[in-house]
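Listed in order, the protein sequences are those of chains A and B.
Using the numbering used here, you'd call the opening residue of the first sequence number 1 and step up by one each time.
Using the numbering used here, you'd call the opening residue of the second sequence number 1001 and step up by one each time.
All remarks here apply to the structure that follows.
Number of protein chains: 2
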Amino acid sequence: MKKKVAIVGAGLCGSLLALRLAQLGYQIDVFEKRPDLRKVTLDAGRSINLALSDRGLKGLRLVGLEDAAKAISIPMHGRMIHPKGAETYFMKYSGRETDYINSISRPGLNAMLLDEAEKTGNIKLHFNQSCKNVLFEDHKIQLQDVNGNISYYDYDLVFGTDGAGSAVRTSMSKRSSSLRFNFSQQYLDTGYKELEIPAGENGSFRIEKNALHIWPRDGFMMIALPNLNGSFTVTLFFPFTGSNSFEYLGQDDEKIVQFFNTHFPSAVPHMPDLVEDYHQNPSSSLGTIKCFPWSVDRRSLIMGDAAHAVVPFYGQGMNASFEDVTVLDELMAKHGEDWDSIITEYDDKRKPDADAIGDLAVDNFYEMRDATKDPVFGRKRALELQLENLYPDYYAKYSLVTFNEDISYHEAMTQGRFQDEVLMNFARGIDDVSKVDISKVKAMMDEKLKEFKAQKS
Amino acid sequence: MKKKVAIVGAGLCGSLLALRLAQLGYQIDVFEKRPDLRKVTLDAGRSINLALSDRGLKGLRLVGLEDAAKAISIPMHGRMIHPKGAETYFMKYSGRETDYINSISRPGLNAMLLDEAEKTGNIKLHFNQSCKNVLFEDHKIQLQDVNGNISYYDYDLVFGTDGAGSAVRTSMSKRSSSLRFNFSQQYLDTGYKELEIPAGENGSFRIEKNALHIWPRDGFMMIALPNLNGSFTVTLFFPFTGSNSFEYLGQDDEKIVQFFNTHFPSAVPHMPDLVEDYHQNPSSSLGTIKCFPWSVDRRSLIMGDAAHAVVPFYGQGMNASFEDVTVLDELMAKHGEDWDSIITEYDDKRKPDADAIGDLAVDNFYEMRDATKDPVFGRKRALELQLENLYPDYYAKYSLVTFNEDISYHEAMTQGRFQDEVLMNFARGIDDVSKVDISKVKAMMDEKLKEFKAQKS
Chain A
1 MKKKVAIVGA GLCGSLLALR LAQLGYQIDV FEKRPDLRKV TLDAGRSINL ALSDRGLKGL
61 RLVGLEDAAK AISIPMHGRM IHPKGAETYF MKYSGRETDY INSISRPGLN AMLLDEAEKT
121 GNIKLHFNQS CKNVLFEDHK IQLQDVNGNI SYYDYDLVFG TDGAGSAVRT SMSKRSSSLR
181 FNFSQQYLDT GYKELEIPAG ENGSFRIEKN ALHIWPRDGF MMIALPNLNG SFTVTLFFPF
241 TGSNSFEYLG QDDEKIVQFF NTHFPSAVPH MPDLVEDYHQ NPSSSLGTIK CFPWSVDRRS
301 LIMGDAAHAV VPFYGQGMNA SFEDVTVLDE LMAKHGEDWD SIITEYDDKR KPDADAIGDL
361 AVDNFYEMRD ATKDPVFGRK RALELQLENL YPDYYAKYSL VTFNEDISYH EAMTQGRFQD
421 EVLMNFARGI DDVSKVDISK VKAMMDEKLK EFKAQKS
Chain B
1001 MKKKVAIVGA GLCGSLLALR LAQLGYQIDV FEKRPDLRKV TLDAGRSINL ALSDRGLKGL
1061 RLVGLEDAAK AISIPMHGRM IHPKGAETYF MKYSGRETDY INSISRPGLN AMLLDEAEKT
1121 GNIKLHFNQS CKNVLFEDHK IQLQDVNGNI SYYDYDLVFG TDGAGSAVRT SMSKRSSSLR
1181 FNFSQQYLDT GYKELEIPAG ENGSFRIEKN ALHIWPRDGF MMIALPNLNG SFTVTLFFPF
1241 TGSNSFEYLG QDDEKIVQFF NTHFPSAVPH MPDLVEDYHQ NPSSSLGTIK CFPWSVDRRS
1301 LIMGDAAHAV VPFYGQGMNA SFEDVTVLDE LMAKHGEDWD SIITEYDDKR KPDADAIGDL
1361 AVDNFYEMRD ATKDPVFGRK RALELQLENL YPDYYAKYSL VTFNEDISYH EAMTQGRFQD
1421 EVLMNFARGI DDVSKVDISK VKAMMDEKLK EFKAQKS
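In structure tokens:
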């Protein structure tokens, strides 16, 4: 007899989880506090996109949607770097042609998952139902509709996939002491604001389509990801306070225009609605959430951002959430209906990986902001691209995280950091990468990696 | 014109703060969710005591209560160690006779502070008034009495001294994103349970009065602090799960008796109500809370455990809270009625110290549990006691934290850790402390400390 499953939150993680459980024959009620995003345009029609990479694709493959997702994606083969006052240049994500990431619409992908989930016939979607509390002892969810009416739902198993501000996690934190609920939220001093580069004539792309664009600056940066309609979603990552900051610019049109003209002169001509967008869109904060345990009495489980919200600088938030579902699926295959074992093993297995991607994402914020300007880092990056290009078995840290879904985030982090250290040391001692014999670098790295792996085991 | 001040929480920190502000002429309303502890016996009459040391005494000196507090304290000159199957021995806290800590009753000290605060005539104490929320934009506290009636209080300034589970902090965390409220709570796998050694005949002390008793064991320990009435408050620090744990013993009388007879045979004869106490008293968790910022719009401030709850293994929780008041007082003297400056400077100055004592307390948990059994640690401790004994200017880490209120916790931590490292290295290379020329150790340490301090500046 399969358990009666409730899922709180019908975002990307909740929708994929619902679909997979439905495919396995579970009867599922999904509660989502917002309206059905397939019927209502949320976020004032803004087009939000995300970078879908191999770990996310693995989750979509599980439910048979990999090709469908790729069909609504735009491949991004590398970073297009727009330095200030210098030529734009392209940095590949990997030395392998087959390794790239994909810009995909968040609402588009979410809608696809919800459509597919409904088709199974095993899912009831309840929109505009906000989770107010989970009564873990009674196995009930307290729900509130838009009119304030309260109702209760009895579950055998409840999943909290309700995002960084998770109500299910908040219910857990009320039992902090008895659960010994470790929790941490850490914000960056930098926030973000979404802007836009609209499509050019006839839906053309005003800047290179197949790239993630970065305008690195001193203490801040701007990025842009392409959308299918020819537009780019632009994000300004910007300190809240200080000499160049949200606080400093305030709502002052003159300051805003002067700031963008000074720092992003090549982008400004492509952003006709810049000042209006700047005023209209919020300045949002960026935080990392870590917590543990993720379950109460092994009859509940928080997943995705609810369990491990990360900053966006590794492009892994959605991918990590989809990988959560993959890991859970493997454990369901192993343990059948024994949810005690599934949840216990999930918690133990997944926690180090969630911590790792949280830390990697913060590291990458500093790398994108600061290290990309460092010539040693430039040489190191050139070396690792050559290594990847010449040796199909070589994965640099970024590739271990992004293009190697068969090793865990934690392994990718520890091994990748070790490789970084070796290559940075090497890059410090040279001044011209083209004079380096890459086969010797590879031999050295192989030896050091052998020692590293021997030490670990 | 002095601001209208509200204080939420009339525990140790809130009472000392109220008293000090009242002495400076502020009009203060204090809201406490519990009844007046001077009229009602809380906690089933259990006698809870704490270790009062120099930083706490400095706070009491500020309000003129140092001598009065000492009069109701019992000096503890060191740790009385009760090893399993070996002779009990005494380890002094310091090489100086004048350095000791004081066992004091928590409710006794709290009552003294409340009495003294009321005498000023500037304070209104409101008991049984629970803070439900702070409306920071409107500068209002939402209060609830025992009958559920809601009322509001308008403040110019509000202090949250409402402990580890602070309602004021919870109100701040509702604004997490806009405040970028960094927050972390981390629990130990070990919890605690209070037990008792009652007084002997005619109020005599059954074990040494002037010591903090420790029964260190493998993975757990028991401690006892003396009370004025001849009894000792005993605390068992014990893992929640595992082979010797709260979970393992459960509520099984036989297991409980066998466990104590096996591991604490010398203590059991002094604990006639052991089994009853074990059943009756809760098994509580031990956590560290760190957060920041501590204020909203510089019109509110959380202090004491509300801002920085620590585990009890350095005996510094109350002392750190009292030091908060001392630091605030110094800034009031500096900035007068300029609370913007007071609160800004308080936050910046105090945060590294609060983090330091939180970390030191967790370190000391492992030191008390594990390191005290290590012979190298034993030699290192003997060396530092000799250093303190021969050189009045030498303070070991414990003494820097406990007996040197003129340097900050952060400085005590960094310098103390450095000294520990130097002495541990030295202790590894010797086998008999009595053969060591202490003057040479002192000369070496002086030189290394000079380098350390030069490096820091």
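The beta carbon of each residue, even a glycine, is placed where N, CA and C say it ideally should be.
Specify the secondary structure class of Val268/A as computed by DSSP and reduced to three states.
Within the first sequence, the letter at position 268 stands for residue 268/A. It is helical.
Could you tell me which chain B residues have their CB closer than 9 Å to the CB of Ser184/A, listed as they occur along the chain?
Residue 184/A sits at position 184 when you count from the first residue of the first sequence. Within 9 Å Cβ-Cβ: Asn1182, Phe1183, Ser1184, Gln1185, Gln1186, Lys1290.
Validate contact between the region 102-113 of chain A and the region 57-77 of chain A using beta carbons, cut 8 Å, 3 pairs:
Taking a cut-off of 8 Å on C-beta distances, the region 102-113 of chain A touches the region 57-77 of chain A, as three or more cross pairs fall below it.
Does chain A have any CB closer than 8 Å to the CB of Gly1011/B?
On the second sequence, residue 1011/B is found 11 positions in, with the first residue counted as 1. Put simply, the CB of Gly1011/B is far from chain A, with every gap to its CB atoms at 8 Å or more.
Put Lys1255/B into one of helix, strand or coil per three-state DSSP.
Position 255 of the second sequence, counted from the start, is the residue given in the question as residue 1255/B. Helix.
One question on the structure: do Val1234/B and Glu1194/B come within less than 8 Å of each other, judged by their Cβ atoms?
Sequence index remark: in the second sequence, residue 1234/B carries index 234 (1-based). Sequence index remark: in the second sequence, residue 1194/B carries index 194 (1-based). Yes, Cβ-Cβ distance for Val1234/B and Glu1194/B is below 8 Å.
At 4 residues or longer, what runs of the alpha helix (DSSP H) sit wholly inside the region 150-206 of chain A?
You should have 167-173, 176-179.
Unbroken beta strand (DSSP E) run spanning Trp1215/B, endpoints:
The count along the second sequence starts at 1 and reaches residue 1215/B at position 215. Note, Trp1215/B: beta strand (DSSP E), 1212-1216.
Mind checking who Met222/A pairs with in its DSSP beta bridge?
Here residue 222/A is taken as the residue at index 222 of the first sequence, counted from 1. According to DSSP, which records beta bridges pairwise, Met222/A is partnered with Trp215/A, Leu236/A.
Buried versus exposed call for Asp1054/B [16 or more other C-beta atoms within 10 Å across all chains shown]
To locate residue 1054/B, count along the second sequence from 1; it is residue 54. Residue burial annotation: Asp1054/B is buried, with at least 16 other C-beta atoms found within 10 angstroms of its C-beta.
Measure how close the beta-carbons of Asp162/A and Lys140/A come, nearest whole angstrom, since I'm counting them as under 8 Å.
Stepping through the first sequence from its first residue, residue 162/A is reached at position 162. Stepping through the first sequence from its first residue, residue 140/A is reached at position 140. A Cβ-Cβ distance of about 16 Å is found for the pair Asp162/A and Lys140/A, leaving them out of contact under the 8 Å criterion.
Cβ closer than 7 Å: which chain B residues qualify as neighbours of Ser177/A?
Against the first sequence, residue 177/A aligns to sequence position 177. Simply Ser1285.
According to DSSP, Val1008/B sits in a beta bridge with which residue or residues?
What you label residue 1008/B is simply residue 8 of the second sequence in a count that begins at 1. Phe1031/B, Gly1160/B, per the DSSP bridge assignment.
Which residues does DSSP pair with Cys1013/B in a beta bridge?
Locating residue 1013/B in the second sequence gives position 13, counting from the first residue. Beta-bridge pairing links Cys1013/B to no other residue.
Going by DSSP in three states, Met1076/B sits in which element: helix, strand or coil?
Taking the second sequence and counting its residues from 1, the one referred to as residue 1076/B is at position 76. Met1076/B carries a strand assignment under DSSP once its states are collapsed to helix, strand and coil.
Assuming Ile1343/B and Ser1295/B form a contact by the criterion Cβ under 8 Å, report the distance between their Cβ atoms to the nearest whole angstrom.
Locating residue 1343/B in the second sequence gives position 343, where the first residue counts as 1. Locating residue 1295/B in the second sequence gives position 295, where the first residue counts as 1. About 5 Å separates the two Cβ atoms, so the contact holds.
Hey, quick one: how far does the beta strand (DSSP E) through Leu50/A stretch, first residue to last?
Taking the first sequence and counting its residues from 1, one reaches residue 50/A at position 50. Note, Leu50/A: beta strand (DSSP E), 49-52.
Could you tell me whether the region 1113-1133 of chain B touches the region 415-430 of chain A, using the rule of 3 or more Cβ pairs below 8 Å?
The region 1113-1133 of chain B makes no contact with the region 415-430 of chain A: fewer than 3 CB pairs, one atom from each, lie closer than 8 Å.
Using CA atoms only, rank isn't needed, just tell me which of Met332/A, Asp347/A, Gln455/A, Thr241/A is closest to Lys2/A.
Indexing the first sequence from 1 puts residue 2/A at position 2. Shortest Cα-Cα distance from Lys2/A to any of Met332/A, Asp347/A, Gln455/A, Thr241/A involves Met332/A.
Note down the Cα distance separating Lys1380/B from Ala1307/B, rounded to an integer number of angstroms.
Counting from 1 along the second sequence, the entry for residue 1380/B is found at position 380. Counting from 1 along the second sequence, the entry for residue 1307/B is found at position 307. Put simply, the backbone Cα of Lys1380/B is about 34 Å away from that of Ala1307/B.
Neighbourhood of Asn1281/B by C-beta, 8 Å cutoff - its chain only, sequence neighbours within 5 removed:
Looking up residue 1281/B in the second sequence gives position 281. In its chain, beyond the 5 residues on either side, Arg1046, Lys1193, Glu1194, Leu1195 have a beta carbon closer than 8 Å to the beta carbon of Asn1281/B.
Would you tell me roughly how many angstroms separate the C-alpha atoms of Glu118/A and Met318/A, rounded to the nearest one?
Position 118 of the first sequence holds residue 118/A. Position 318 of the first sequence holds residue 318/A. Counting only the Cα atoms, Met318/A lies some 21 Å from Glu118/A.
Let me know the secondary structure DSSP gives Lys1124/B once reduced to three states.
Indexing the second sequence from 1 puts residue 1124/B at position 124. Judged by DSSP in its simplified three-state form, Lys1124/B adopts strand.
Could you compute how far the alpha carbon of Ser1283/B sits from the alpha carbon of Thr1190/B?
As a first step, residue 1283/B is located in the second sequence; it is residue number 283 there, counting from the start. As a first step, residue 1190/B is located in the second sequence; it is residue number 190 there, counting from the start. For Ser1283/B and Thr1190/B, the distance between alpha carbons rounds to 10 Å.
On the criterion of 16 or more Cβ atoms from any shown chain inside 10 Å, does Gln419/A qualify as buried, or is it exposed?
In the first sequence, counting from the first residue as 1, residue 419/A sits at position 419. Buried.
Supposed contact pair Glu1388/B and Ser1094/B - C-beta distance, whole angstroms, cut 8 Å
Counted from its first residue, the second sequence places residue 1094/B at position 94. Counted from its first residue, the second sequence places residue 1388/B at position 388. Yes, Ser1094/B and Glu1388/B are in contact; Cβ-Cβ is about 5 Å, under 8 Å.
On the three-state DSSP scale, how would you describe Leu383/A?
Residue mapping note: residue 383/A aligns to position 383 of the first sequence, counting from 1. Looking at Leu383/A - three-state DSSP - the assignment turns out to be helix.
Applying the 10 Å Cβ sphere with the 16-neighbour rule, what's the burial state of Thr98/A?
Residue 98/A sits at position 98 when you count from the first residue of the first sequence. Classification for Thr98/A: exposed.
Based on the DSSP secondary-structure assignment, which residues constitute the bridge partners of Phe292/A?
Here the question's residue 292/A lines up with position 292 in the first sequence. Answer is Asn182/A.
Of the choices Phe260/A, Phe292/A, Leu62/A, whose alpha-carbon is the least far from that of Ala277/A?
Position 277 of the first sequence, counting from 1, holds the residue named residue 277/A. It should be noted that the sequence gives Asp, not Ala, for residue 277/A. Ranking Phe260/A, Phe292/A, Leu62/A by Cα distance to Asp277/A puts Phe260/A first.
With H, G and I counted as helix, E and B as strand and the rest as coil, what does DSSP make of Gly45/A?
Working through the first sequence from its first residue, we reach residue 45/A at position 45. Note that Gly45/A scores a pLDDT of 45, beneath 50, so its modelled location is shaky; the value from the coordinates is reported in the next line. In this structure, Gly45/A counts as helix in the three-state DSSP scheme.
Determine, using beta-carbon pairs with one atom in the region 322-329 of chain A and one in the region 214-229 of chain A, whether at least three such pairs fall under 8 Å.
No contact exists between the region 322-329 of chain A and the region 214-229 of chain A.
Three or more C-beta pairs under 8 Å: does that hold for the region 432-444 of chain A against the region 124-138 of chain A?
No, because fewer than three Cβ pairs between the region 432-444 of chain A and the region 124-138 of chain A fall closer than 8 Å, the two stretches do not touch.
Excluding the five sequence neighbours on either side, which residues of its own chain have a C-beta within less than 6 Å of the C-beta of Ala51/A, listed in chain order?
Residue 51/A sits at position 51 when you count from the first residue of the first sequence. Answer for Ala51/A: Ile101, Gly315, listed in chain order.
Within 10 Å of its beta-carbon, does Tyr1409/B have 16 or more other beta-carbons around it, so buried, or fewer, so exposed?
Residue mapping note: residue 1409/B aligns to position 409 of the second sequence, counting from 1. Only buried fits Tyr1409/B, as 16 or more other CB atoms lie within 10 angstroms of its CB.
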